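Step one of this worksheet: look at the structure below.
Numbering (full-length UniProt numbering), first residue to last: 1 to 503.
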């Protein structure tokens, strides 16, 4: 009886140890004696009850049950069979992932680097308009046309094409018919001749030429290319004109009078001013038109990953029918992006981004809807691709999606190689264009921009349905194949044992 009072759980280790000697007792144990409480364990009851639990576990484990692996006991370079298999799997998985990273560098990243290399490949369009029709207009026009650079290609436009004068020229720049226009203002030659004949101390040579540019159309192009090159060209033209005029005036009888009362008439007979029609006057707009678009895409990626995790952890992915699963994914995405885009738009409002330049007080609602459609256009593409790529490989598509969109927003597409003409159809470009219209009053093509975004949404919705159908079909096929294989293995085991199959 003393042995019965020992903790029987200590004997479980013996039962778990595979040994051909240990056999399950076959005799009944209904009449096994009871034991009294033990002073060390406080246990009481019948020996039959204790052994019943142990034998039940024995039946579950079986004498040949494999031992569980011990954790946290091995070295990475060990010679144990298990660690060798695990190490081989690790190196295969890790090495394969690194190869994909290397391929990403030399395939995807080259798209972005190429958009900055050796630009401009093509010059931007510039207009030269002579509204003067005199000596000044002729000299300036010929000089500018002879100084086309790699950044700007100047073309002459007759004054007949602009019957509205300088106002119509400025409107042409705002309508994006060209990137820059150099205009010789009406009466430039007449004012100069009058000042030379009758010296005028109030003569201002900068009234002769005006350059019209719109910075808000593309601030990078304005700051790095358009304004510096236009200034360089006009400085050269006006200085050469001044030298030529000084030579002509060197023998003039009234030269002394001119130099004493209005010397600027000789030293700077003509000059220019730059009229920035749509200044990029809101630094915070950079977030909404460029950098913030990357953050918008990353937020969309978070929504996709959260949704995928929720469907997997809840079991809905395996429980719902195909139509129900597709409806759930669409409803979740459209609702989530509506709310996230509201907060994103409110962030711009909190930092005083002016949204009323074109549509007044309706600007906030329009920008919210634009951001919602924009998030759907980039987010549904991720939602579709994660179906086929799985969370393991979706980051590689994310990098491609960011680079493809971002590469065409830093500089004008007109300056880039022809390959980058795809940029007119990507979401970032159209979101940026529409945002500039709302916040800075640039050329209004919001209807076209939103139409492009809707095309992306439709494409992503279609591919999501197709990919989800394919994945579900593949899962069902694997499940049927797995069940058939398990049934075949079971029948083989039963046939080998000679026992009748159980149903």
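Just so you know, even glycine gets a beta-carbon here, dropped at the ideal spot from N, CA and C. In this text, all values refer to a predicted model and were calculated from it rather than measured experimentally.
How should residue i be labelled, buried or exposed, when 16 other C-beta atoms within 10 angstroms of its C-beta is the threshold for buried?
i           : result
residue 163 : exposed
residue 383 : buried
residue 266 : buried
residue 30  : Its pLDDT being 45, under 50, residue 30 is placed unreliably by the model, and nothing is read from it.
residue 117 : exposed
residue 209 : buried
residue 191 : buried
residue 426 : buried
residue 113 : exposed
residue 91  : exposed
residue 343 : exposed
residue 198 : exposed
residue 308 : buried
residue 394 : buried
residue 462 : exposed
residue 107 : exposed
residue 286 : exposed
residue 327 : exposed
residue 451 : exposed
Report the rounded CA-to-CA distance for residue i versus residue j, giving the unit in angstroms.
i           : j           : result
residue 34  : residue 70  : Here the model assigns residue 34 a pLDDT of 47, short of 50, so the residue's position is not dependable, and the following value carries that caveat. Cα-Cα distance, rounded: 37 Å.
residue 388 : residue 470 : 9 Å
residue 583 : residue 396 : Lying outside 1 to 503, the shown extent of the chain, residue 583 is not represented and no answer is given.
residue 437 : residue 351 : 18 Å
residue 354 : residue 301 : 28 Å
residue 504 : residue 202 : One cannot answer for residue 504 here, as it falls past the ends of the chain, which runs 1 to 503.
residue 73  : residue 86  : 14 Å
residue 151 : residue 179 : 11 Å
residue 241 : residue 406 : 44 Å
residue 161 : residue 133 : 14 Å
residue 110 : residue 424 : 19 Å
residue 96  : residue 364 : 47 Å
residue 299 : residue 368 : 15 Å
residue 366 : residue 409 : 22 Å
residue 320 : residue 77  : 45 Å
residue 270 : residue 442 : 31 Å
residue 246 : residue 349 : 56 Å
residue 420 : residue 115 : 8 Å
residue 476 : residue 466 : 16 Å
residue 223 : residue 338 : 36 Å
residue 306 : residue 94  : 25 Å
residue 295 : residue 422 : 22 Å
residue 89  : residue 472 : 28 Å
residue 276 : residue 260 : 35 Å
residue 563 : residue 447 : An answer regarding residue 563 cannot be provided, because it is not within the stretch 1 to 503 covered by the chain.
residue 318 : residue 458 : 26 Å
Could you check how far apart the C-beta atoms of residue i and residue j are, in whole angstroms? I think they sit under 8 Å.
i           : j           : result
residue 230 : residue 274 : 7 Å
residue 311 : residue 174 : Wrong, their Cβ atoms sit about 49 Å apart, outside the cutoff.
residue 435 : residue 370 : 7 Å
residue 282 : residue 432 : The pair is not a contact, with the Cβ atoms about 14 Å apart (cut-off 8 Å).
residue 381 : residue 456 : 7 Å
residue 449 : residue 430 : 4 Å
residue 372 : residue 332 : Residue 372 to residue 332, Cβ: 15 Å. No contact.
residue 264 : residue 205 : 6 Å
residue 412 : residue 124 : 6 Å
Could you confirm whether any beta carbon from chain C is found closer than 9 Å to the beta carbon of residue i?
i           : result
residue 444 : Looking for chain C here will not work: only one protein chain is present.
Would residue i and residue j be called neighbours here (beta carbons separated by less than 9 Å)?
i           : j           : result
residue 415 : residue 280 : no
residue 212 : residue 169 : yes
residue 329 : residue 464 : yes
residue 460 : residue 376 : yes
residue 391 : residue 121 : no
residue 386 : residue 304 : yes
residue 325 : residue 468 : yes
residue 239 : residue 147 : no
residue 272 : residue 234 : yes
residue 182 : residue 144 : yes
residue 297 : residue 360 : no
residue 176 : residue 217 : yes
residue 83  : residue 75  : yes
Segment contact flag, the stretch 462-482 with the stretch 400-417, C-beta cutoff 8 Å, min 3 pairs: With a cut-off of 8 Å, the stretch 400-417 and the stretch 462-482 do not count as touching, because too few Cβ pairs lie within range.
Inter-stretch contact (C-beta, 8 Å, three-pair minimum) for the stretch 87-106 and the stretch 135-142: no
At least 3 beta-carbon pairs within less than 8 Å: the stretch 249-259 vs the stretch 290-299: Too few Cβ pairs lie closer than 8 Å, so no.
Meets three-Cβ-pair contact criterion under 8 Å: the stretch 152-166 and the stretch 177-193: yes
Cβ pair count under 8 Å reaching 3, the stretch 122-130 against the stretch 152-163: Pairwise C-beta distances place the stretch 122-130 in contact with the stretch 152-163, as three or more of them are shorter than 8 Å.
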